[in-house]
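Protein chains in written order, with this note's numbering: chain A, 1 to 422; chain B, 1 to 554. Working notes, structure below.
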Amino acid sequence: MKRGLGCQTIDHVLSRRHFLAGTAVAGFGAVSLGGFSGPVLADTLKGDEKRILQVYLQGGVSQLESWDPKPGTEYGGPFQTIPTSVPGIHICELLPHTARHMHLLSLVRSINLKTDDHHQGRLFMEKGRRGEGNYPYVGSVVAKYLSPEDSALPRYVHISTRGLEDDTAAFLDARYAQMKLEGVVAPNNLSRPRQLSEEQFARRSHFRAQLNQQFTSDRRKALIDSYDASFRQAAQLMSQRDLFEKQSEKELDRYGRHEFGRYCLLARTLLEEGSTCVKVTHHGYDTHAENFNFHVEQLDEFDKPFATLLADVADRGMLESTLVMVYSEFGRTPKINRNYGRDHWGSAWSIALGGCGIQPGAVIGATNAKGTEVIDREVDGGHLFHTYLQALGIDSTANHDIPGRQIPIGDPAVESIKELLA
Amino acid sequence: MTNAVQLALLFAFTILPATVAGTESALLHEQIDARIAAAQGELSSSASPRSSDTEFLRRVYLDVTGRIPGRHEVTAFQDEEAGDKRLKLVDRLLLDPWHARHMLYHLDVMLMGRLPEKHIKVAQWRDYLYTSLLENKRFNQLVAEILLADGAVPDERPRARFLLARELNIDDTTRDIGRIFLGRDLQCAQCHDHPSIDDYLQRRYYGLSAFLGRSYLFQDPETKETSIGEKAEGEVTFTSVFTDEESTTAPRLLELAALDDPPAEEEPYVTKPEEKTRGVPKYSRRLQLAPNITSEENVAFRMNIANRLWALVMGRGLVEPLDMMHTDNPPSHPELLALLADELLRTGYDMRSLMRQLILSETYQRSSRLVANDPPLPESAYLAAALKPLTPEQLAWSTMQAVGLVETTRSEHIARFKEEDPSFDPNDMAQAIQLERAVHDSLQPHVDTFVAVFASKADRFSATASQALFLENGELITEWLTPSNGNLLERLLQTGDAEAATRELYLTVLSRPPTDEELEQLVAFLGAYDDDQMTGMTEATRAILCSAEFRFNH
Chain A
1 MKRGLGCQTI
11 DHVLSRRHFL
21 AGTAVAGFGA
31 VSLGGFSGPV
41 LADTLKGDEK
51 RILQVYLQGG
61 VSQLESWDPK
71 PGTEYGGPFQ
81 TIPTSVPGIH
91 ICELLPHTAR
101 HMHLLSLVRS
111 INLKTDDHHQ
121 GRLFMEKGRR
131 GEGNYPYVGS
141 VVAKYLSPED
151 SALPRYVHIS
161 TRGLEDDTAA
171 FLDARYAQMK
181 LEGVVAPNNL
191 SRPRQLSEEQ
201 FARRSHFRAQ
211 LNQQFTSDRR
221 KALIDSYDAS
231 FRQAAQLMSQ
241 RDLFEKQSEK
251 ELDRYGRHEF
261 GRYCLLARTL
271 LEEGSTCVKV
281 THHGYDTHAE
291 NFNFHVEQLD
301 EFDKPFATLL
311 ADVADRGMLE
321 STLVMVYSEF
331 GRTPKINRNY
341 GRDHWGSAWS
351 IALGGCGIQP
361 GAVIGATNAK
371 GTEVIDREVD
381 GGHLFHTYLQ
391 ALGIDSTANH
401 DIPGRQIPIG
411 DPAVESIKEL
421 LA
Chain B
1 MTNAVQLALL
11 FAFTILPATV
21 AGTESALLHE
31 QIDARIAAAQ
41 GELSSSASPR
51 SSDTEFLRRV
61 YLDVTGRIPG
71 RHEVTAFQDE
81 EAGDKRLKLV
91 DRLLLDPWHA
101 RHMLYHLDVM
111 LMGRLPEKHI
121 KVAQWRDYLY
131 TSLLENKRFN
141 QLVAEILLAD
151 GAVPDERPRA
161 RFLLARELNI
171 DDTTRDIGRI
181 FLGRDLQCAQ
191 CHDHPSIDDY
201 LQRRYYGLSA
211 FLGRSYLFQD
221 PETKETSIGE
231 KAEGEVTFTS
241 VFTDEESTTA
251 PRLLELAALD
261 DPPAEEEPYV
271 TKPEEKTRGV
281 PKYSRRLQLA
291 PNITSEENVA
301 FRMNIANRLW
311 ALVMGRGLVE
321 PLDMMHTDNP
331 PSHPELLALL
341 ADELLRTGYD
351 MRSLMRQLIL
361 SETYQRSSRL
371 VANDPPLPES
381 AYLAAALKPL
391 TPEQLAWSTM
401 QAVGLVETTR
411 SEHIARFKEE
421 DPSFDPNDMA
431 QAIQLERAVH
441 DSLQPHVDTF
451 VAVFASKADR
461 FSATASQALF
471 LENGELITEW
481 LTPSNGNLLE
491 RLLQTGDAEA
501 ATRELYLTVL
511 SRPPTDEELE
521 QLVAFLGAYD
531 DDQMTGMTEA
541 TRAILCSAEF
551 RFNH
């Protein structure tokens, strides 16, 4: 077995070799890679890290007011479509900036989750499994298999205004759990107590870790691991204080000065600095009343910062190694309720994907003319989960090798959307 | 406090020991153990042994009084030889005013979920809860008082916080009443019958909301105080998004019979609702809620609070999540839950007596050390004590107890009280309450700081980087670790010897003596600071305050 591929521990070399697509696993033989062969192995081993940018439109964006408009039909609503940079793909007129960068993205217009519940929908989209089962989120899976062991930055950062509590790491080590940043301000208490040297601080941390190790030895580990992980995240933040320096006025002009604009700008910095998964939440799409007015406001806030971020990632040559996903927990009912709202709708809706490993400019699946059901290439959170991971070169059909257990990474009952993979 | 109230409290405490001990329920804790053991079956061979005395002492202090014991309490308990010392400890702590304070914090979060102040002063509401808990007010009575309050009676105004802080918002209030008092989150039923859960019927949600549908917020034009008025008419209607059918419902509690209005009277009002007068109908739908929700027929009410008290003490509910009681999510131990619920009914909803029984069970008293965990043992089998993250309040008070702040504050107040009245005796119950209130009032701002940092919306533990930074670098704790006034750091420095300091540190912060290995380890750590003992002691203390052993109730 070779060392020195940029990874510090045997454990990590093993896991990378198990899961990176097409790796020569002959020497291990414990895990079958099921014949999947991805295009990205060589690059990754050269140290060109892959990463994922998740833009989560919380509450459920309307597919009819975004990626799958049906103007002039019974449930189409008042908005028109506009052409995009990809001939033949039209999206809602509320997304003019994104439309200009459509050639960097693809659409999946045939998602049926068979749930209309916020929580269930979110879990299915993040874990690739239906229900409350104890599985890690895609961000934690990616953090585990793609982030360098000595990562100086938090591997999986979520920038969000308010707390949705997520248990993202499940049975994976708590160090792969999401770190939540509330907005773009530096957390309090980033500096060591006065007069304490770095060495003294390190000595204290070491002693604390030692105490915890002794305490955990014969107790249940999950809660203690998550407590330990919070101290590791704190240490990472302390060493990366400059992330939170004032954002440049020039960049804010481009991104916008509202919260979501600032979050997108911070997301770019985090991706540049080496975070493996950056998730940005844009709140407020649960439009049971006044769906159309709300979507005008919400998407106006979303469109420019997102398009700017996408273009910046591409301009920096990072898009080939960054998977971009714009998703929700579900879409919204075609039927317009009496409050001019659209309700929860997991049965026929869309997301946008792009970047690393994704065929650009594609449209997968379709809904019928009124948008009330999927008529082509129906997929759910399970198919999408395999697709994200395979796009990043992770063999989602392999197992998580947890002490004493082998747990399939993706749901073995479903496969990736192969035609969407580059 | 008035003399009358003091007398009443004194009386309450004089008769309480008998109440706490109960009579017929003496063996309930054995029944609990029998049912837990029966469900364990073959797994019982992996059950952890009984906790050690120090493990038990710390756990009981945290669960009953919301803070760790003082170091003298640790050594005294270790030295005590009486065979029933655990029983005696539990009975003593359940009567301590700190217990009322701890339960206040718990009930406040359960009932109000840390909602901001609105219409009612939070301090007055908490004082109402505190006084109620000192009297061991029965849970059904407490709930009835809260749900009956309209905010118009000055003395009873604090109780109206439950409804007023929610601004009587029909959706929030209906949902919270379902979650908090019935163990059911009916929110999903709001738009349509819940797609996957049979009993979450839309009409239950609207049946519950119909109790409140005629009530409204009324602002008194002179005092500007907001209270609750009610109209004598108005129906709750709802439209199913699936069928488009419009339905209407009278107030109705889950599966109990609907409460139809009495025949309409010619004059339906005691006071007619006008712009400047609060409407008071002769028949109030809202006032039917309290008697109905607490009625014997409503089994969900006692199942819910039994499950919540079990979860509080044992670290997980017999039904999890606590607000998802329904047929698709059965209890791990159905008979046990029924037994606890029946016990509450029998004792007239005596929470204190039920907590006592839970704590006396062997199930509670097991060590948190696992005998084996490969394959992982199911937590719902209760083979070992659960690790319970300290609540923000428990963490604040335990930290202040550990660094010596509670003790120095208490001594200051005792000195002050003695100056005013030389016969002041902190062992007298009424004066103990006075003292607890004074210590609490002095230190509550620090508790608020901890709440701001550590409170989480979710019921589950969620450790964040900002919390770690607060513990590692925060100025508040730095200040507490500055030697002064006989606090922990001053005592540690006075020992003048690393071994003695280590023992003192372990007894004070972790409520147990160190093992030989730990002694050696900490002495070595302090050895690096021979020329700067103060930094050494401060750093050692801070590391232990940041340790998992301190962060959890185990």
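Note that the Cβ used here is the ideal one computed from N, Cα and C, for glycine as well. Computed from a predicted structure; not experimentally measured.
| For serine 209/B, which residues of its own chain have a beta-carbon under 7 Å away from its beta-carbon, when the five flanking residues on both sides are left out? | Non-local C-beta neighbours of serine 209/B in its own chain, meaning closer than 7 Å and more than five positions away in sequence, comprise Ile170, Thr174, Val236, ordered along the chain.
| query | According to DSSP, is asparagine 329/B helix, strand or coil? | reply | It is a strand residue.
| message | So the candidates are Ile180/B, Arg101/B, Gln141/B; which of them puts its Cα closest to the Cα of methionine 303/B? | response | For the residues Ile180/B, Arg101/B, Gln141/B, the minimum Cα distance to methionine 303/B belongs to Ile180/B.
| request: Would you list the residues sitting across from proline 426/B in a DSSP beta bridge? | output: Beta-bridge pairing links proline 426/B to no other residue.
| field | Endpoints, the beta strand (DSSP E) within which leucine 217/B is located | value | DSSP places leucine 217/B in the uninterrupted beta strand (DSSP E) bounded by 215-219.
| Segments of 3+ residues assigned as beta strand (DSSP E) that fall wholly inside the segment 62-132 of chain A | Entirely contained in the segment 62-132 of chain A, the beta strand (DSSP E) runs reaching 3 residues are, in chain order, 81-83, 90-92, 105-111.
| Per-residue burial, aspartate 315/A [other beta carbons within 10 Å of its own, 16 or more giving buried] | Exposed.
| message | Counting only beta-carbon separations shorter than 9 Å, does isoleucine 224/A have a partner in chain B? | response | Yes, isoleucine 224/A lies at the interface with chain B (some Cβ there is under 9 Å from its Cβ).
| said: Please classify glutamate 65/A as buried or exposed, where buried requires at least 16 other C-beta atoms within 10 Å of its C-beta. | reply: Buried, by the Cβ-count rule.
| said: Distance check for glutamate 320/A and lysine 46/A, CA to CA, integer angstroms please. | reply: Below a pLDDT of 50, predicted positions are generally treated as unreliable, and lysine 46/A, at 35, falls in that range; the measurement from the model is reported next regardless. Answer to the nearest angstrom: the Cα atoms are 15 Å apart.
| request: Indicate the three-state DSSP secondary structure (helix, strand or coil) for valine 296/A in the structure shown. | output: Valine 296/A carries a helical assignment under DSSP once its states are collapsed to helix, strand and coil.
| message | With a threshold of 9 Å between beta carbons, is arginine 369/B in contact with chain A? | response | Yes, because at least one Cβ of chain A sits closer than 9 Å to the Cβ of arginine 369/B.
| Alpha-carbon to alpha-carbon, glutamate 117/B and leucine 94/B | Separation of leucine 94/B and glutamate 117/B (C-alpha to C-alpha, rounded to the nearest whole angstrom) is 30 Å.
| Can you name the residues of chain B whose CB is closer than 8 Å to the CB of glutamine 200/A? | The answer, in chain order, is Thr535, Glu539.
| request: Give a yes or no on whether the minimum CB-CB distance between isoleucine 544/B and chain A is below 9 Å. | output: Isoleucine 544/B counts as touching chain A.
| request: In angstroms with no decimal places, state the Cα-to-Cα distance between proline 180/A and threonine 464/B. | output: For the sequence presented, residue 180/A should be read as lysine rather than proline. In a straight line, the C-alpha of lysine 180/A is about 8 Å away from that of threonine 464/B.
| Amino acids of chain A, ordered along the chain, whose beta-carbon sits closer than 7 Å to that of threonine 478/B | Per Cβ cutoff of 7 Å: Pro193.
| task | Could you tell me which of Ala222/A, Asn399/A, Tyr255/A, Ile336/A sits nearest to serine 462/B, measuring between CA atoms? | result | Serine 462/B has its Cα closest to that of Ala222/A, out of Ala222/A, Asn399/A, Tyr255/A, Ile336/A.
| Quick one: complete beta strand (DSSP E) runs, 3+ long, within the segment 217-276 of chain A? | Whole beta strand (DSSP E) segments, 3+ residues: zero.
| query | For phenylalanine 139/B, does the three-state DSSP call read helix, strand or coil? | reply | DSSP places phenylalanine 139/B in the helix class (H, G or I) of the three-state scheme.
| task | Please go through the same chain and pick out, in chain order, the residues whose beta-carbon is closer than 6 Å to the beta-carbon of phenylalanine 28/A, but skip the five residues on each side of it. | result | Summary for phenylalanine 28/A: the model assigns pLDDT 33, below 50, so the residue's position carries little reliability, and this model does not support an answer.
| task | Could you check how far apart the C-beta atoms of valine 523/B and glutamate 499/B are, in whole angstroms? I think they sit under 8 Å. | result | Right, the Cβ-Cβ distance comes to about 6 Å (below 8 Å), so this counts as a contact.
| task | Under the assumption that arginine 122/A contacts glutamate 329/A (Cβ atoms under 8 Å), give the Cβ distance between them as a whole number of angstroms. | result | Sure, about 4 Å apart at Cβ, within 8 Å.
| request: Please report how far the alpha carbon of glutamate 520/B lies from the alpha carbon of tyrosine 105/B, in whole angstroms. | output: Distance between glutamate 520/B and tyrosine 105/B, taken at the CA atoms: about 39 Å.
| said: Measuring straight from C-alpha to C-alpha, what distance separates leucine 129/B and aspartate 108/B? | reply: Going from the Cα of leucine 129/B to the Cα of aspartate 108/B covers about 8 Å.
| Neighbour flag for alanine 24/A against chain B, beta carbons, 9 Å | Note that alanine 24/A has pLDDT 34, beneath the 50 cutoff, so the model's placement of it is unreliable and the number below is only indicative. For alanine 24/A, the answer is no, since every Cβ of chain B falls outside 9 Å of its Cβ.
| task | Kindly list, in the order they appear in chain B, the residues whose Cβ is closer than 9 Å to that of phenylalanine 215/A. | result | Neighbours of phenylalanine 215/A in chain B, taken as residues whose beta carbon is under 9 Å from its own, are Ser547, Ala548, Glu549, Phe552, His554 in chain order.
| task | Give me whichever residues DSSP pairs with serine 160/A in a beta bridge. | result | Serine 160/A is bridged to Glu182/A.
| query | If you compare alpha carbons, which of His383/A, Leu243/A, His288/A is closest to aspartate 343/A? | reply | The alpha carbon of aspartate 343/A has as its nearest neighbour, out of His383/A, Leu243/A, His288/A, the alpha carbon of His288/A.
| query | What are the boundary residues of the alpha helix (DSSP H) that threonine 131/B is part of? | reply | It spans 122-134 - the alpha helix (DSSP H) in which threonine 131/B sits, taken as one unbroken run.
| said: Can you tell me whether isoleucine 409/A is helix, strand or coil according to DSSP? | reply: Here isoleucine 409/A sits in coil by DSSP.
| Chain-ordered chain A contacts of glycine 474/B [CB-CB under 7 Å] | Residues of chain A passing the Cβ test: Asn189.
| message | Alpha carbons only, please: which of Ala396/B, Leu545/B, His413/B is nearest the one belonging to threonine 65/B? | response | Of the listed residues, the one whose Cα sits closest to threonine 65/B is Ala396/B.
| field | Buried or exposed (CB count within 10 angstroms, at least 16 for buried), isoleucine 375/A | value | With fewer than 16 other Cβ atoms within 10 Å, it is exposed.
| request: Determine which residues of the segment 168-186 of chain A have a Cβ less than 7 Å from any Cβ of chain E, and write them out in chain order. | output: In the structure shown, chain E cannot be found, because the protein chains are A and B.
| Three-state secondary structure (DSSP) at alanine 4/B? | At alanine 4/B the pLDDT is 48, less than 50, meaning the model places this residue with poor confidence and gives no usable figure here.
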